[in-house]
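Numbered by this note's numbering, the letters in the sequence shown go through residues 104 to 647 in order.
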Amino acid sequence: MNGTWILLVVIAAIAVTGLATRRNLQAPLVLVAIGAAASFIPGLPRLELRPEVILGVVLPPLLYSAALRFSVPTFRRYLSPILRLGILTVLATAFAVAFFANWLVPELTFGAALVLGAVVAPTDAVSAVAVGQKLGLPKRVIAVLTGEGLVNDATALTLFTVAVSAVAGTRVFFDSPVVFFGYEVVGGVVIGSVLAVIVHQVRGRMYHSPLETSLGLVLPFTAYLVAEEIHASGVLAVVAAGLYMGHRATDASVNTRIQERYVWESLDILLEMFVFAYMGLQLKFVLDDVTDNGYDVVVVLLYSVAVLVLVMVVRPAWGLLNWGRRRVTRDAGLARLGRDPLSFREHLVVSWAGMRGVVTLAAAGGVPLLLASGEPFPGREIIHLIALVVAVGTLLIQGATMPALIRRLDVTDPYERLRTEEQRELARSIVTAAAEGELHNLAENPPSGFDAESVRRILERVRRSIQARVDAKAVESENEDDRNLDAGALFDEFRRSILRAQRTALIAARDDGTLDDETLRVELESLDVEEAAAEERIDRRGRT
104 MNGTWILLVV IAAIAVTGLA TRRNLQAPLV LVAIGAAASF IPGLPRLELR
154 PEVILGVVLP PLLYSAALRF SVPTFRRYLS PILRLGILTV LATAFAVAFF
204 ANWLVPELTF GAALVLGAVV APTDAVSAVA VGQKLGLPKR VIAVLTGEGL
254 VNDATALTLF TVAVSAVAGT RVFFDSPVVF FGYEVVGGVV IGSVLAVIVH
304 QVRGRMYHSP LETSLGLVLP FTAYLVAEEI HASGVLAVVA AGLYMGHRAT
354 DASVNTRIQE RYVWESLDIL LEMFVFAYMG LQLKFVLDDV TDNGYDVVVV
404 LLYSVAVLVL VMVVRPAWGL LNWGRRRVTR DAGLARLGRD PLSFREHLVV
454 SWAGMRGVVT LAAAGGVPLL LASGEPFPGR EIIHLIALVV AVGTLLIQGA
504 TMPALIRRLD VTDPYERLRT EEQRELARSI VTAAAEGELH NLAENPPSGF
554 DAESVRRILE RVRRSIQARV DAKAVESENE DDRNLDAGAL FDEFRRSILR
604 AQRTALIAAR DDGTLDDETL RVELESLDVE EAAAEERIDR RGRT
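Below, the structure is given as structure tokens:
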């Protein structure tokens, strides 16, 4: 029965997303609001997934897909702010919530309050990045938010594991939290990287796009489960695997790259929309749990709102405190700090992008029922409700106000469009030079069976097609005299050879630092479509 309701929720979420998109509304906000209202429908059964299902089935593909699209050079360039947000800000939020909740809520010991802090600390930048891209946020802001989303889950889940074990009286793999965190980081990165290298090597010998895509789909789940099996970070294993496979995607065949691009895009939408709908549908049932366990639901809701306010305040306060510290020490010459990649206004936007999501829900559900002594976990139902209120509240409040904040601060970079255009001009000059070089090579070494004049005419048509991006069939019909020479097949072979030379030149420019990774990916998408069309025509001729 639960499986049937899950499918119905998925269908409804897709329909609502389509309507929201047509009306230029933020789909996550609409889904959460409708889900919360629907949870109060009389007789509606509770849709409940085990935490390990959310963490092991929903989270890995979302993280992997984001890592696939994220540039490794960009990750390195903004590593400092990404780690500052993904580690230090998460820890600051968790401990601030722990001290506050321990003081505010009588039912929560400090250990249980720290569990709550770990639950509500990690942010989910999905909606923030979507809004930012739509409104023209600078690429560096999008990069920092995306990179933070790849790191902060590992920090929060590690702290959650340590805090739960301390309260419940169970043991973790290492007694020292610092050693345990280091083991999780190193173990997760090593597992993800090793599995990604193996999959990359295997896929390179398959020559079968559907099988290559299928293997890529299995990788994030395998990386997560293997890492968790040895008590390392499954999140970082997935991230490491995704970054490696995304960086080496240029080695895959054209058809595989095109297939994966659309497969992951569709899977992303499906899972993200389900998570937001699922988040809203939990509201009524979590309230019932609080009431059934003898708590005053109004009082607990007041606790939840207080924690929500604290969570929304801590992130901006911590971010601005760090910005002010860097500014003061740099101006005073007390420390040799590198240039802050973000301006003050951009820091404000990043600080307000603190929406919570899937990890908060899954971690709250993962709080155990009983301690090792057999007693109930202190304040478990309160932790559930506070986590849900924080997740829904940050999404509705911060998510709804993000567009207005971005417009008000006017953080668009007037020079970014110029830099982007310069990079595109550079990419165009690279592909033009590569095409001319390959055309010259083909003219100097024509294939056997064709006279020099026919080859010259075909190469001229290839040159025009590369420049004008016209359909090959229209070009093939220009000269009736070449029919007997199978000029169409030779045209496609030449065209594919030139496209491969252009791709090789672009990748080389990326590797030596001349061309940025984002521009490379945009250019390769265009080349992939053309090369796939040429290969399809060659295969069709071979079958006939």
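Every residue gets a Cβ at the ideal spot worked out from N, C-alpha and C, and that includes glycine.
Inset, instruction - Give the secondary structure of P280 by DSSP, where H, G and I count as helix, E and B as strand, and everything else as coil. - result: DSSP places P280 within a helical segment (H, G or I) once states are collapsed to three.
Inset, instruction - Decide yes or no for the touch test of the region 394-405 against the region 146-162: beta carbon pairs closer than 8 Å, at least 3 of them. - result: In this structure the region 394-405 does not touch the region 146-162; the number of beta carbon pairs closer than 8 Å is below three.
Inset, instruction - Answer yes or no: do A136 and M458 have a C-beta to C-beta separation smaller than 8 Å? - result: One thing to note: A136 has its Cβ no nearer than 8 Å to the Cβ of M458.
Legend entry - Cβ shell of W421 (< 7 Å), same chain only, five flanking positions each side left out: For W421, same chain residues with a beta-carbon under 7 Å away, outside a window of 5 residues either side, are T192 and A195 in chain order.
Legend entry - Ranges of the beta strand (DSSP E) found wholly within the region 112-144, counting only runs of at least 3: If we require 3 residues or more, the region 112-144 turns out to have no beta strand (DSSP E) run fully inside it.
Legend entry - Sufficient close CB pairs (3 or more, under 8 Å) joining the region 341-351 to the region 172-185: A contact exists between the region 341-351 and the region 172-185.
Legend entry - Complete runs of the alpha helix (DSSP H) confined to the region 137-211 [at least 4 residues]: Assignment of alpha helix (DSSP H) within the region 137-211, counting only whole runs of 4 or more residues, yields 162-172, 175-180, 182-186 and 193-207 in chain order.
Inset, instruction - Starting from the C-beta of A57, find all residues in its chain whose C-beta is less than 8 Å away, skip the five residues before and the five after it, and write them out in chain order. - result: Any property of residue 57 remains undetermined from this structure, which presents the chain solely from 104 to 647.
Inset, instruction - May I ask you to report which of helix, strand or coil DSSP gives L474? - result: It is coil, neither helix nor strand.
Legend entry - Sub-8 Å separation of F377 and V112 beta-carbons: It is a contact, given that the beta carbons lie within the stated cut-off.
Legend entry - E581, DSSP secondary structure in three states: In this prediction, E581 has a pLDDT of 43, which is less than 50 and means its spatial position is unreliable; nothing more can be read from the coordinates.
Legend entry - Exposure label - A507; buried when at least 16 CB within 10 Å: Exposed, since its Cβ has fewer than 16 Cβ neighbours within 10 Å.
Legend entry - Nearest candidate by alpha-carbon position, reference V270, set V342, L491, V470 and S356: Ranking the options by Cα distance to V270, first place goes to V470.
Inset, instruction - Over the uninterrupted alpha helix (DSSP H) stretch that includes L238, give me the two end residues. - result: Note, L238: alpha helix (DSSP H), V229 to L238.
Inset, instruction - Select from I114, S476 and R599 the residue whose C-alpha is nearest the C-alpha of V357. - result: Closest option to V357, Cα to Cα, is R599.
Inset, instruction - Using the Cα positions of P323 and E368, report the straight-line distance between them to the nearest angstrom. - result: Answer to the nearest angstrom: the Cα atoms are 15 Å apart.
Inset, instruction - Output the distance between the C-alpha atoms of A233 and S183, rounded to the nearest integer angstrom. - result: Cα to Cα, A233 sits roughly 23 Å from S183.
Legend entry - Residues sharing a beta bridge with P479, DSSP: According to DSSP, P479 bridges with L473.
Legend entry - Whole-angstrom C-beta distance between A604 and G502, which should lie under 8 Å: About 46 Å separates the beta carbon of G502 from that of A604, a gap too long to meet the 8 Å contact definition.
Legend entry - 8 Å Cβ cutoff met for L374 and L165: The answer is yes: Cβ separation under 8 Å.
Inset, instruction - Count the other C-beta atoms from every protein chain shown that fall within 10 angstroms of the C-beta of P313, then say buried if there are 16 or more, exposed otherwise. - result: Counting C-beta atoms within 10 angstroms of its own C-beta, P313 has fewer than 16 neighbours from the protein chains shown and is therefore classed as exposed.
Legend entry - G383, enclosing alpha helix (DSSP H) - first and last residue: Boundaries of the alpha helix (DSSP H) around G383: V357 to L384.
Inset, instruction - Starting from the C-beta of V493, find all residues in its chain whose C-beta is less than 8 Å away, skip the five residues before and the five after it, and write them out in chain order. - result: Listed in chain order, the non-local C-beta contacts of V493 below 8 Å within the same chain comprise V223, S407, V410, L411, V414, R459 and T463, local neighbours out to five positions each way being set aside.
Legend entry - Where K576 sits in the DSSP three-state scheme: Annotation note: pLDDT 37 at K576 (below 50); position unreliable, coordinate value reported separately. Three-state result, K576: helix.
Legend entry - Between the CA atoms of F178 and S629 - distance to the nearest angstrom: Cα to Cα, the separation comes out at about 24 Å.
Inset, instruction - Report all residues from its chain with a CB closer than 8 Å to the CB of L318; omit the five preceding and five following residues, and keep chain order. - result: Same-chain partners within the cutoff: V302, V305, R306 and M309.
Legend entry - Where the alpha helix (DSSP H) containing I333 begins and where it ends: Run containing I333: none; DSSP gives neither H nor E here.
Inset, instruction - Thinking R559 and A546 are a contact (beta carbons under 8 Å), I'd like their distance in whole angstroms, please. - result: Taking the Cβ atoms as the reference, R559 lies roughly 7 Å from A546, within the contact range of under 8 Å.
Inset, instruction - Counting only the same chain and skipping the five closest in sequence on each side, list residues whose C-beta sits under 8 Å from that of A475. - result: Taken in chain order, the residues that qualify are A271, G272 and T273.
Legend entry - Helix, strand or coil at N548 [DSSP, three-state]: Correct three-state label for N548: coil.
Legend entry - Reference L207; option with closest CA among V389, D614, I372 and I485: The residue with the shortest Cα to Cα distance from L207 is I485.
Inset, instruction - Note down the Cα distance separating L542 from E596, rounded to an integer number of angstroms. - result: Going from the Cα of L542 to the Cα of E596 covers about 12 Å.
Legend entry - Any chain D beta carbon closer than 8 Å to A257: Absent from the structure: chain D. Only one protein chain is present.
Legend entry - Contact belief for V400 with V452 at Cβ below 8 Å, rounded distance in angstroms: Actually they are not in contact, since the Cβ atoms of V400 and V452 sit about 35 Å apart, beyond 8 Å.
Inset, instruction - Alpha carbon to alpha carbon, how far is A536 from V341? Give it in angstroms, no decimals. - result: Answer to the nearest angstrom: the Cα atoms are 38 Å apart.
Inset, instruction - Give the secondary structure of N425 by DSSP, where H, G and I count as helix, E and B as strand, and everything else as coil. - result: N425 sits in a helix when the DSSP states are folded into three classes.
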